[in-house]
Amino acid sequence: MSRVYGERVEITARDNRPLRFVWRGRLYGVLAVLEHWVVSSQWWQRNNPDTGVPPEREFWRVEASPGGNIPPAVYELRRDAGTGDWLLVRVWD
Amino acid sequence: MSGPAEFAHLHVASSYSMRYGTAGPAMLAARARESGMPALALTDRDGLYGAVKHAAACRQAEISPILGVDLALRAGTPAARGGREALGVWDAPGGREAPRIRGALGIGGAPGIGEAPGTGGSGSSHRKPRGRRANPAAVPPRLANETAARVTLLALGEGGGPGESPAPGWASLCRLVSAAHQSGERGVPAITPDLVADHADGLVVLLGPASDVGRAIAARRPDRAAAALARWRERAETVIEIVDHHGPGDTGNAARMLRLAREVGVPAVLTNAVRYLEAADAPVAQVLDAARQLVPLGRRHLAGHNAQAYLKDSEQMARVAARVCGSGSCPGLRSCPGRCGDPAHQLLADTAALARQCSLSQADDLGIGRMHLPETAGDALAQLRQRCQAGLARRGLDSDRDAARRLDYELGIIARAGLASYFLTVADVAALISGRGIRCAIRGSGAGCLVNYLIGISGIDPLEHDLVMERFLSEGRKGLPDIDLDVESARRIEAYRAIIERYGEERCGCVSMMETYRARSAIRDAAAALGLPPHEIDAIAKAFGHIRARGIRRALADLPELRASNLAIPQLTSLFRIAERLDGLPRHIAMHPCGVVLSSATLLDRVPVERSADGLPLCQFDMDDVEAAGMIKLDVLGVRMQSAMAYALDEIERTRGERVDIDAISQDDKPTFEMISSGRTIGCFQIESPGQRELVTRLTPRGIGDLIVDISLFRPGPVNSDMITPYLDIKHQRRPPCYPHEDLTDPLGETGGVVIFHEQVLRVIDTMTGCGLSEAERRRRQLSDESAREDVRTWFGGAARARGYDHAIVARVWEVLEAFGAFGFCKAHAAAFAIPTYQSAWLKRHYPAAFYAGVLTHDPGMYPKRVITGDARLAGIRLLPVDVNASAGDWQVEPPESLRVGLREVKGISDAEVTRIIIGRPYASLRDFWRRAGVSRPVTERLVLVGALDSLYAGPGPRPTRRDLLARIGVLAGPARLVRARPGPSHAAPAISSGGSTERGPDQLALGSDQPALGPDQPALGPDQLALGPDASGRGDSGDGLARIVQVGELPELSAAERVEAELEILGIDVSRHVISFYEEMLRALGVVRAEHLHRCRSGTSVLVAGVKTSTQTPAVRSGQRVIFATLDDATGQMNLAFFESVQERCAARLFGSWLLVVRGRVRRPGRRMAPAQEGRAVSVNATECWDLAVLEEIRLSRGIRAVRAAMAAGDVPGAGIAAADRETAQPADRDAAHPADRGQRASGAVVYPTGFTLSPYAETGSSGGAMKDPPRKLWHASPGSSGGWISG
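For the record, the sequence lines run as chains A and B.
My numbering puts the first sequence at residues 1 to 93.
My numbering puts the second sequence at residues 94 to 1382.
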């Protein structure tokens, strides 16, 4: 089952590639990047949309595990290029 | 493997991919050049519309052009089906992307909160395609291609060599595109693999993610992908196209495509499927997507959209290659010699290799730069010479030595240019058109060519009017000269068909043009994409006149009527900003209004052709492209005045039995020129506008030569450079002619030293430098080019001084040339216009009723029809109402000199109804008409309202009123509705069930059965039911028996005002009385000056005038101001008004928003030095204030004339326009108005010409108000006490 969260996470990244992230106080190590893509934000929904390059949102779907004996699960992380904030979007476990 | 190569884009959509691409070919080519790319492809969707422009742009950028097309696969074919079946999951990228996840976790999931559409492959994005598949009929045809798979086809370059046929690749591309358009529905081009196989010679098929193969890959059906790929490989040269836009699922799909290619052994290339220049343009592409798919912007329709489809540079494309190949291990892809074994190298090298194979040469592959004329049998030049000799004899010039000399000279130039067959072809076309009895006249500089006159292309003798040939065709000029033919507008398509029939579609087609986004269309599409409600979109769009989209926000700030419109609010700013970015993008292809292309029999090898709405072959190239591709483009322009004159001539023949040969009339008819000189020229060709009517009264033409001058002078340049007054002073001998040098007496003699014509510029240059007319023409053309002008000046000064002209003379002559060279007018062109101008005036003078009938039927001019009828009334012509027993479809003359309104003027009447009315007459009664004419109820009611049935009851005794007749229509139509309602029990009308029976009473039966539009299930009339008909006739009902139900005079007759209101609403014309006659009392009370008396007022007098607004124009004027010129019609004539910028703030909204106006202003007389006698009626009013006449009348009726005066003095009378109604609440307008610097100043962005001539950016943009040709629906504001509806009972 997948669950949707949408919660802020702390990320350690190299060249913008996530290596580790902290979610609910727990550190998860990224084992593999399964997918990585970019989507434009819905600029037209803002009150006064700027019609330049719309801010992009970067999605990373990664295999990660908090370590120990816990088997890895799939986590989808989102980075808002405008603010630089990272969100955990959903989890398949 | 080759070494590092610069990347070349092989899949690029320009703005010629309609509502898809955003960048023009020139921008793309320039960017490719900047990025150091060796070549650039243009592969627009559905056509080769931009191909010639791309080739030119690449030549400019010094890169190699590659040409191709992106075409949809026909739905229903195995290929397209493969794609459609994949649709069910194709926009669920997340799910299909990671099989492990799918397997382990299933595809379901809660709706995403992320921006990634269908992340995890969840429900909503899933359902839509499935629904579509289940119900394919629900998809409109134009949208069918939206879901279709697409492939790209590229032409291979061959360097075919300079032959008649282009390289096979380009020819195949043209033919395939034509075939795609030919098959299936118009406007929905599509191909099948088999169709590609038919045209595979020299083509390469690129199968990318949008192809059937790509979709099968995305759907995780490698078996289907392999099968589809095999299908293509059997039919054509096939290459896999790798695209990774870094959207959801893109990279994985691209990797699997590459794997498939490697497994099967098909080459793969990398493209970026480009559709915009840079990432910042992505929102524009999104708006276009929404506009194309007719949906608002929203995630479902723009699945996975990001800003990656731009023209990436080689570096960026190398990174894409690395990502797809999963490599990235080689740090310097572009600098690495390729020995590191990185698979990305192979991909990039193969891409570069294909780009080299597809690079085309302009001349050899595309055939650009050579002429491809229709074949002529035998020696074309000898034939031409022979026909010219015959022409000399026919035109009575065979003993004229000047003519012989001129002919030899012209034939020499034609021979050296190799254009003899061109002239023969055009002569053939002209003869073809005239042979069908279609009026045909030459337009433009071709009238200056004696050969054209002799071989029947032109009817103007260039020697008689002293016209030169070089302006048309000069020695050493490249390309084909333009010959333009004017034909009757109503028979233009007939003329085209004749030409196409003669030359065949393999040689001949129509030229297309691109309709591009302008303010209104851009606002409509952008607002729809943003999801605004339709009625708001309509109101916003209509507020803007015909201005460019990029000027929307500036217009909001500049134009007073928009400042007052409440549109400049922050909520709309983003809409306008987006709309501005659509500026100039092509929207759809249309038939050029006059262009026909003629070529050798290889047309279809060099031009793709689709179908016009009329079913004519339509080239995908525009005028410029056709010329660049070396084909004859012939302008065959439909001219309404030619149709109007043809109609008038037929009417003369019909009513008088004489055929007037208008082309043979004497050209110095005194009464005609007297009429022109008095300004009574409404309806005439070229000289009917307010400004022209003023000019002709000052110029008082007495011959064709004067008309030629008049037409040449009435241009923005001469008007604003004040060439007119000096010319008139000399012409009317108030000043002696003045020449810069005595040698120039000859070239400038005809205009007393004033330079008016291009021809004079040529002669002046030739006289001063001795360079010959051909060189002079070349130099004249350079005069309008600012950068070249200095060169011309140096050359001219040197050459003239070498011939002994002193410094001062040279300087003076140069001054004249520089000032007027660019403004002058081609005399041959003016001469070609002067002929129909004179002919139309001659008809107006001698056969006024027939002339008005022609003008009213074909509507050639600028005025609404009611202005023409008003003019006819002033000329003593009686207007007869529409009459079902007398009117034809069009306007007709009724002897001696009356005009009968045509049936087609009735709003909403169909051609079929017109035909049935005419076939069925005479009619004896309303019932008779209702039964036999088969006219719909609303149209019948309109006919009654305008009195079209009055004549049926013209006999002795009381007659039914129009309201009686309307009520009777209700009776006639009423039961039919009940009958129709019968099948649906829930709709059963209570009347039927009276007496508990469904049997109808005799009245109902008899009345209902006459309904013309009944279905076949209607019971036939019984004999007893008919008894209600003729036998029951009473007095005044013309035997239709209806008098028993609605008695004669039961309802009151329409008042005179109501009649006129009905006429205006239904016909647009006040037939029975002039509208203004209803306001006579107030006009008298206010002391309004009437048009017929205005010329008696002294210059500077303050006056009040009033009337119906008949035109508004914002022409170019000297100061760069935007001046609004308006005309008012007050039944005694037309008055010209000028509203300068200083008064527009308070007047513009009301001026545009009202139809009936009262205006205060000062009388102005142009040409101050003129004696009043010569001045004639040339008088106008500089307006200072204006009011809505209808509103003032309301005040007068309710509160009296004093209240009117008070209201006018207070200046707070609201206008009828929406804009003015919102005035009080228009906060932004008030804010803008607070910038005094903005007011009374020239509008920002004025265009300043080198000669000091300044042009308002809003010149010629027209009004933002309603169309001038239609009166408003409501003339009189509803006020208490006036009858509300037509039937008071």
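Cβ coordinates follow ideal geometry from the N, Cα and C atoms, glycine included.
Keep in mind that this is a model prediction, so the values were computed, not measured.
- By the rule that beta-carbons nearer than 9 angstroms mark a contact, residue 409 of chain B does not touch chain A.
- Secondary-structure assignment with DSSP links residue 580 of chain B through a beta bridge to B/533 and B/731.
- For residue 1301 of chain B, the uninterrupted alpha helix (DSSP H) run begins and ends at 1294 to 1303, by DSSP.
- The straight-line gap separating the alpha-carbon atoms of residue 1159 of chain B and residue 504 of chain B is approximately 58 angstroms.
- Taking a C-beta distance under 9 angstroms as the contact criterion, residue 81 of chain A and residue 21 of chain A do not qualify as a contact pair.
- Under the 9 angstroms criterion on CB atoms, residue 343 of chain B is classed as interfacial with respect to chain A.
- Each residue's CA atom was taken as its position, placing residue 1198 of chain B and residue 1184 of chain B some 8 angstroms apart.
- For a Cβ distance threshold of 9 angstroms, residue set 38, 40, 53, 54 and 56 of chain A lies close to residue 400 of chain B, ordered along the chain.
- Residue 939 of chain B: member of the alpha helix (DSSP H) spanning 920 to 939, first to last residue.
- For residue 86 of chain A, no Cβ of chain B is located within less than 9 angstroms of the residue's own Cβ.
- Closest in alpha carbon position to residue 1031 of chain B, among B/1018, B/1009 and B/1003, is B/1003.
- Judged by their CB atoms, residue 526 of chain B and residue 588 of chain B are nearer to each other than the 9 angstroms cut-off.
- The beta strand (DSSP E) runs of length 3 or more contained entirely in the segment 26 to 73 of chain A are, from start to end of the chain, 26 to 40 and 56 to 65.
- Annotation: the continuous beta strand (DSSP E) that includes residue 1204 of chain B extends over 1195 to 1206.
- DSSP lists no bridge partner for residue 1175 of chain B.
- The continuous stretches of beta strand (DSSP E) do not include residue 401 of chain B, and DSSP gives it neither H nor E.
- A Cβ-Cβ contact shorter than 9 angstroms links residue 1203 of chain B with residue 960 of chain B.
- Chain A has a Cβ within less than 9 angstroms of the Cβ of residue 622 of chain B.
- In the DSSP annotation of this structure, residue 765 of chain B is not part of any beta strand (DSSP E); the continuous alpha helix (DSSP H) holding it starts and ends at 763 to 770.
- Only residues of its own chain outside the window of five on either side were considered, and among them 535, 540, 546, 560, 921, 924, 925 and 928 have a CB closer than 8 angstroms to the CB of residue 553 of chain B, listed in chain order.
- Boundaries of the alpha helix (DSSP H) around residue 1010 of chain B: 1004 to 1013.
- The straight-line gap separating the alpha-carbon atoms of residue 780 of chain B and residue 1300 of chain B is approximately 39 angstroms.
- DSSP places residue 23 of chain A inside the beta strand (DSSP E), whose first and last residues are 17 to 23.
- Within the same chain, 310 come within 7 angstroms of residue 349 of chain B by CB-CB distance, once the 5 residues on both sides are set aside.
- In the three-state reduction of the DSSP assignment, residue 708 of chain B falls in the coil class.
- Any Cβ of chain A closer than 9 angstroms to the Cβ of residue 1237 of chain B would place that residue at the interface, and such an atom is absent.
- As for any beta strand (DSSP E) of minimum length 3 sitting wholly inside the segment 273 to 335 of chain B, the runs are 296 to 300 and 330 to 335, ordered along the chain.
- Cα atoms of residue 579 of chain B and residue 521 of chain B: separation of roughly 15 angstroms, rounded to the nearest angstrom.
- Look at residue 840 of chain B here: in three-state DSSP terms it is helix.
- Under the three-pair Cβ rule at 8 angstroms, the segment 359 to 368 of chain B counts as touching the segment 333 to 341 of chain B.
- At least 9 angstroms separates the beta-carbon of residue 1045 of chain B from that of residue 1065 of chain B.
- In this structure, residue 352 of chain B sits away from residue 277 of chain B, with a CB-CB distance that is not shorter than 9 angstroms.
- With fewer than 16 neighbouring CB atoms inside 10 Å of its own CB, residue 468 of chain B falls in the exposed class.
- In this model, residue 11 of chain A and residue 387 of chain B are separated by some 41 angstroms (Cα to Cα).
- Residue 390 of chain B has a beta carbon lying within less than 9 angstroms of a beta carbon in chain A.
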